[in-house]
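Novice: Residue numbers (UniProt numbering): 1 to 898. Using N, Cα and C, we set each Cβ at its ideal position, and we do this for glycine too. My questions all concern the structure below.
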């Protein structure tokens, strides 16, 4: 190969040596070709439009710095001069960024004096942010606290939540100067971490910055700040929680013993403290924040076991704890408290000396004598308020406040108005825990007396009289010791909510969601059901909203993913939130729960519209009713259990291919029974409509028959029989009650005497219909044959047209090629003409220059001729002069010689 290459090079070099003109021509042609390619490519059009330069994204009126060119270096400069900085990374095209822009601007207007707000366009391709940052979603919020950061915000982009998060970052620690404040800090249901750092010895004790950084690390993990961090500087206050050493971190727990950070085993770092706190914390209420419709957060939590989902209106900026959330947290604390002591009894040094409880009682007369106690016509109920804070607190009862009479009616309904057996002693007392709060509790003790020995003045009543009269209440009185029976607290609460987690296998997890953000999920769980359930849930919503009808929407449900059931809290009476939730939880925890499974239907209609439509369908004559009744969860039982009709039910699903194939069979069956008012053909989509367990099937499609007189003896179509029209007809005629008198149900022993004649008549009618179908089939066959011939003729025409079209396309292609060749020839001729014109112009220019030069040469020649003639004349004159001089010199010489 190398030898051949060498020989080729030698031949080329010898050829170049022999013909240098050819080599120069080849080099010139190559240069011209390169120039032509360059100029041709430079004239090509740019098909990609240049990106428009970015514009300002944040409003100019908002106190935010908008770096819409992605200047990341300015972010560092702005962050260095501010103590707290918020960086908002956005993409101008992102809908989430556009939606969050308004919320961030609102927060900036309120906190502009405390926080530096910066917005950065991280999508501009030429900006440094796009080159250095790699975000997978937008927008992204980073918060910097002095040198600590970034703290990424992972909550909803709502102004109140963002502002609450910023305030938590600004003040990550709560200063606890007194025992009272420490008690309030640790009595909250959320975990509390207390650090003891005395500032007396130094302005900045060792470990304080680490503890502050651990609080900020906790905000990185949970934007809500569910773990609260506090700092104690007084040794007396620290000793109340048995903390005596400096640089001590104390984790308060409600159920188990509180812990102290083992600094002798672990490094005293912010990451170590934060990990230790999240590892050993106790959580009774967990906030859920599903980010979207495809989030797996709910699935991960619900697979852990039964869950109580509470949708509550939440204001993150509320200065005080939400009383509703506090009340629910108290229920959760008592539910998880498995010992007989209070949750905080292990921290006995924390609380001051308890005050003796002050009791004030109210004697209540039921609205009417008990009907089962003729010997004791009157009953008296003692309602007592046990107050544990101070003696000076006013003795008030629910009946003395707005809406309190309704609460007392609920208490009396459970206590004093319940049936009592005859074996009960004359003085019967049932002590119930009706309402609980940190301030005290109400207890009711009901007794039966032979006669009522007190005069009842006309005062506040319970509005329990069926005639609308109010029952009077006597003034508050203190019961005597012999008239009252006391029971231990363990007996009072032994069967209640306290410690229920350890007494049942159905352990509940408490989850809270913001109803303002996740109300569509509550609707899918049944927040807006039928009229009856909706009324109870509306009542519960008013209770959760502190009695105000205009409050936020609230909803509660228990979801058991393992059993594929969920229960909705239906509250049909006016009662307290605590009592309602406790009863709901206890009913779920019983071995045989009285709660009814909530069924979700795809075609549910609000209010009474569904019932009106069903009543309208029932009023329609059989000829005007739809062929097939589409059932939903709400209309299923009323249609299937109709005692006046045989119901043929077809179970299907939209993803079932075999169900779609059988649609024509079901339609033909419905047409045959269209004029029969005793048979209903119905279908139900099981994929979007929940049904009671006893009405479910194990595969699709399935056909069930519910006879009108034997609903409990429903019959399933055999699985090994094809679902065809004749088989369905035999199945219905065999098991239906339509051949019997409506008022005479068929006996299980055998058919009625006239059933054979009715079956024969039905068979003859079916034979006539079959013959009609045969004739229609023959007509359809003839029509199909004619259509086949027409289709064949059309197919031949189509083939001919396709051939002609192919010829035309070939001719068109040939013409296009000729046109292109002519265009190329035209362009070539135009180019040649242009070249000739250019050369002619060059020749004309050259001729003009030659003429000018010729004229100049002529002038120059004339001048030279004149000068030559002058020189010739001068030469002749000089020659003559020389000759004369020579002659004179000769003469002189001759004279001298002579």
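(1) Just checking my contact of residue 518 with residue 329 at CB under 8 Å: how many whole Å lie between their CB atoms?
(2) In chain order, which continuous runs of the alpha helix (DSSP H) of length 4 or greater are located wholly inside the segment 123 to 194?
(3) So who's on the other strand from residue 287, going by DSSP bridges?
(4) Give the DSSP-derived three-state secondary structure of residue 119 in the structure shown.
(5) I need the DSSP call for residue 721, collapsed to helix, strand or coil.
(6) Whole-angstrom Cβ separation of residue 313 and residue 516, contact assumed at under 8 Å?
(7) What is the residue span of the beta strand (DSSP E) that residue 10 lies within?
(8) Taking Cβ positions, are residue 164 and residue 324 nearer each other than 9 Å?
(9) I need the boundaries of the beta strand (DSSP E) containing residue 556, first residue and last residue.
(10) The alpha helix (DSSP H) spanning residue 663 covers which residue range?
(11) How many Å lie between residue 586 and residue 500 at the Cα?
(12) From the DSSP output, read off the bridge partner residues of residue 307.
(13) Ends of the beta strand (DSSP E) at residue 230?
(14) Under DSSP, the alpha helix (DSSP H) around residue 335 begins and ends at which residues?
(15) According to DSSP, residue 630 sits in a beta bridge with which residue or residues?
(16) Ordered along the chain, which non-local residues of its own chain (more than five positions away) have a Cβ less than 8 Å from that of residue 281?
(17) Compare the C-alpha of residue 720 against each of 713, 732, 702, 709 and name the closest.
(18) For residue 280, report the span of its alpha helix (DSSP H) as first-last.
(19) Apart from the five residues on each side of it in sequence, which residues of its chain come closer than 6 Å, Cβ to Cβ, to residue 717?
(20) Let me make sure I understand the geometry here. Which of 249, 265, 266, 264 has the alpha-carbon closest to that of residue 258?
(21) With 16 other CB atoms within 10 Å as the buried threshold, where does residue 178 fall?
(22) Using C-beta distances below 6 Å, list every residue in its chain close to residue 94, excluding the 5 sequence neighbours before and after it, in chain order.
(23) Could you check if residue 19 is buried or exposed, using at least 16 other CB atoms within 10 Å of its CB as the buried criterion?
(24) Identify, in the order they occur along the chain, each residue of the same chain with its Cβ nearer than 7 Å to the Cβ of residue 544, setting aside the five sequence neighbours on each side.
(25) Taking the alpha carbon of residue 663 as the reference point, which residue from 633, 692, 724 has its own alpha carbon closest?
(26) Between residue 109 and the rest of its own chain, which residues show a CB-CB distance below 8 Å, the 5 nearest in sequence each way excluded?
(27) Can you tell me the Cβ-Cβ gap for residue 176 and residue 232, rounded? I've got them flagged as a contact below 8 Å.
(28) Below 8 Å on the Cβ atoms is my guess for residue 115 versus residue 78; work out the distance and round it to an integer in Å.
(29) Between the Cα of residue 901 and those of 670, 632, 635, spot the shortest distance and give me the residue it belongs to.
(30) Spatial neighbours of residue 778 within its chain, please: CB distance less than 7 Å, with the 5 preceding and 5 following residues excluded, ordered by chain position.
(31) Check the C-beta distance from residue 141 over to residue 169 and give it rounded, since I have them as a contact under 8 Å.
(32) Where does residue 260 fall in DSSP's three states?
(33) Within a Cβ cutoff of 8 Å, which residues of the same chain sit near residue 696, ignoring the five residues on either side of it in sequence?
(34) Check whether the Cβ atoms of residue 504 and residue 634 sit closer than 9 Å, and answer yes or no.
(35) Within the same chain, show all residues whose beta-carbon is closer than 8 Å to that of residue 35, passing over the 5 residues directly before and after it, in chain order.
(36) First and last residue of the alpha helix (DSSP H) that includes residue 98?
Specialist: For this structure:
(1) With a contact defined as Cβ atoms closer than 8 Å, residue 518 and residue 329 miss out at about 19 Å.
(2) Runs of the alpha helix (DSSP H) spanning 4 or more residues and lying entirely within the segment 123 to 194 occur at 128 to 132, 159 to 170, 179 to 186, in chain order.
(3) Bridge partners of residue 287: 512.
(4) Residue 119 carries a strand assignment under DSSP once its states are collapsed to helix, strand and coil.
(5) Coil.
(6) So it is a contact: roughly 6 Å between Cβ atoms.
(7) Premise fails: residue 10 lies in the alpha helix (DSSP H), 2 to 18, not in any beta strand (DSSP E).
(8) No. Outside cutoff.
(9) It spans 555 to 560 - the beta strand (DSSP E) in which residue 556 sits, taken as one unbroken run.
(10) Segment 663 to 672, the alpha helix (DSSP H) holding residue 663.
(11) If I take the Cα positions, the gap works out to 8 Å.
(12) Listed as beta-bridge partners of residue 307 by DSSP are 509, 559.
(13) Counting along the chain, the beta strand (DSSP E) containing residue 230 begins and ends at 228 to 232.
(14) In the DSSP assignment, residue 335 falls within the alpha helix (DSSP H) that extends over 323 to 336.
(15) Paired residues: 683.
(16) Here the set comprises 191, 227, 251, 253.
(17) Nearest C-alpha to residue 720: 702.
(18) Note, residue 280: alpha helix (DSSP H), 270 to 280.
(19) Close CB contacts of residue 717 within its chain, under the 6 Å cut and outside five residues either way in sequence, are with 703, 731 (chain order).
(20) The candidate whose alpha carbon is nearest that of residue 258 is 249.
(21) Flag for residue 178 reads exposed.
(22) Here the set comprises 138.
(23) Exposed is the call here.
(24) At residue 544, the pLDDT of 47 sits below 50, so the modelled position is not reliable and the matter cannot be decided from this model.
(25) Comparing C-alpha distances from residue 663 to each of 633, 692, 724 shows the shortest one belongs to 724.
(26) For residue 109, where only same-chain residues beyond five positions count, the Cβ hits under 8 Å are 62, 63.
(27) Separation of the CB atoms of residue 176 and residue 232 is rounded to 5 Å, and the pair is thereby assigned contact status at 8 Å.
(28) The C-beta separation of residue 115 from residue 78 comes to about 11 Å, leaving the pair out of contact by the 8 Å criterion.
(29) There is simply no residue 901 to check, as the chain begins at 1 and stops at 898 in what is shown.
(30) In the same chain as residue 778, and ignoring 5 residues on each side of it, no C-beta atom comes closer than 7 Å to its own.
(31) Contact between residue 141 and residue 169 is ruled out by a C-beta separation of about 11 Å, above the 8 Å threshold.
(32) The answer is strand: DSSP assigns residue 260 an E or B state.
(33) Correct list, in chain order: 686.
(34) Residue 504 is not a Cβ neighbour of residue 634, given a cutoff of 9 Å.
(35) No residues qualify anywhere along the chain.
(36) Residues 95 to 111.
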